[in-house]
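Encoded as C-alpha cells, the structure appears first; notes follow it.
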DNA sequence: GTTTCATATCGAAAATTGTCGATATATGAG
DNA sequence: CTCATATATCGACAATTTTCGATATGAAAC
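In C-alpha cells, the structure reads:
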C-alpha cells in the first residue's frame, strides 16, 4: 500500500505552485476549458497541460472531454478530502498534552520529549 | 505587497514533503524537542533543522527555546489559516455556474469558456 | 576555563519540479 | 482527404528543493 504520507503530499503538492493556485482561482467561477485558462496565464500550452495533469491526479480538479475541448472544474470531493487530510495531520490529538498540563507537571516538563 | 499566491504556496509547500508530514504527525501528540523528532525519522540532523525552519516560516509550527533544547508544537492559528486558504482557493464562488445551470443554457454550454 | 550536547548554518551534490519547443493525437471544418 | 484547432506527450534544460557532511553557535556540565 502506498504510504499515506505520499497520498497527502500529492494533494498538497497540487496546491503549492503559484500557477496552479491561479488556475484553481479561475475555476472557482465555474468550469473552464484549457484554452480559456491559458489566456489568463503567462505560461506555454504544454506547461498548462502539465499543471492540469497534476491537479487532476491530486483529485482537486475534474476534467471532461467534449469534442476537441477539455473542460476542467473544481472537485468538491477533492476539496473535502484536502480538508480531511489537513485535519488528519495538523489537528492536535485529543490525548495531546496541553501547555497547562505540562506546567502542572512541574519538573516533568523539563524533560526532552 | 507579496502576492497572495506566494503566501498560499508557502503554506502548502510546508505540507507537501513526506518527512514534514511525518513531523506534523509526531507533533499531534504534543510538543516535542528536535532530538526526539529526529529519532523517529530517517534523516540527518541538519536536514531536520531545515524542515523545521520551513514548517515554522509557514506558520504551521511554533518553536520555543529552553536551554539548549528547541521545542516545537503545532500552531492552531496556522492550521486555521491553512483551512482558510484552502477555502479561499478551492471553494466555488457563490456566482459559479452549476452543471444544471449550464444544461439549461442549451447551446450556450457548448461554447469554449 | 574546557568539554559536551543540542541545534543552526553553510556549501555542495543529488533529486525533483517547472518550463519550453517540437511533435503526436484527435476532433471537427471545408 | 486535407487543413486548422485543441490538447497531450516527449526530451532537454533551468530552477528549486532535499539531502548530507562539516562547521558554527550557544548553553549547560565539569
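Chains as they are written, first to last, in the numbering used here: chain R, 1 to 113; chain L, 1001 to 1113. Backbone N, C-alpha and C fix where the C-beta goes; we use that ideal spot for every residue, glycine too.
If you check the CB distance, residue 1034(L) and residue 1015(L) do not come in under 8 Å.
For residue 63(R), the uninterrupted beta strand (DSSP E) segment begins and ends at 61-66. Looking at the backbone, the Cα of residue 1010(L) and that of residue 1058(L) are separated by about 6 Å. A Cβ-Cβ contact shorter than 8 Å links residue 1019(L) with residue 1041(L).
Between residue 60(R) and residue 82(R), the gap from beta carbon to beta carbon is short of 8 Å. Only 1060, 1069, 1074, 1079, 1082, 1083, 1086 and 1089 from the segment 1055-1089 of chain L bring a Cβ to less than 7 Å from some Cβ of chain R. Looking at the backbone, the Cα of residue 95(R) and that of residue 1073(L) are separated by about 14 Å. When 1004(L), 1003(L) and 1025(L) are compared, the shortest CA-CA separation from residue 4(R) is found for 1025(L). Annotation for residue 1008(L): 1085 place their beta carbon closer than 6 Å to its own, counting only its chain and skipping 5 residues before and after. Rounded to whole angstroms, the separation of the alpha carbons of residue 6(R) and residue 1070(L) is 28 Å.
DSSP places residue 1041(L) outside both helix and strand once states are collapsed to three, so it counts as coil. For residue 1024(L), the closest Cβ of chain R is nearer than 8 Å. Using beta-carbon distances, residue 1049(L) does not count as an interface residue toward chain R, since no partner is under 8 Å. With a cutoff of 8 Å on beta-carbon distance, residue 30(R) and residue 1097(L) are scored as near each other.
Excluding five sequence positions before and after residue 1032(L), the CB atoms of its chain that fall closer than 8 Å to its own CB belong to 1026, 1071, 1072 and 1073, given in chain order.
A Cβ of chain R is located within less than 8 Å of the beta carbon of residue 1015(L).
Counting only runs of at least 3 residues, the segment 2-49 of chain R fully encloses no beta strand (DSSP E) element at all.
For residue 2(R), none of the residues of chain L pass the 8 Å Cβ criterion, the least Cβ distance being about 11 Å. For residue 28(R), the chain L residues whose Cβ falls inside 8 Å of its Cβ are 1089, 1090, 1091, 1092, 1093 and 1096, in order along the chain. Against chain L, the CB of residue 21(R) has a partner CB under 8 Å away; the residue lies at that interface.
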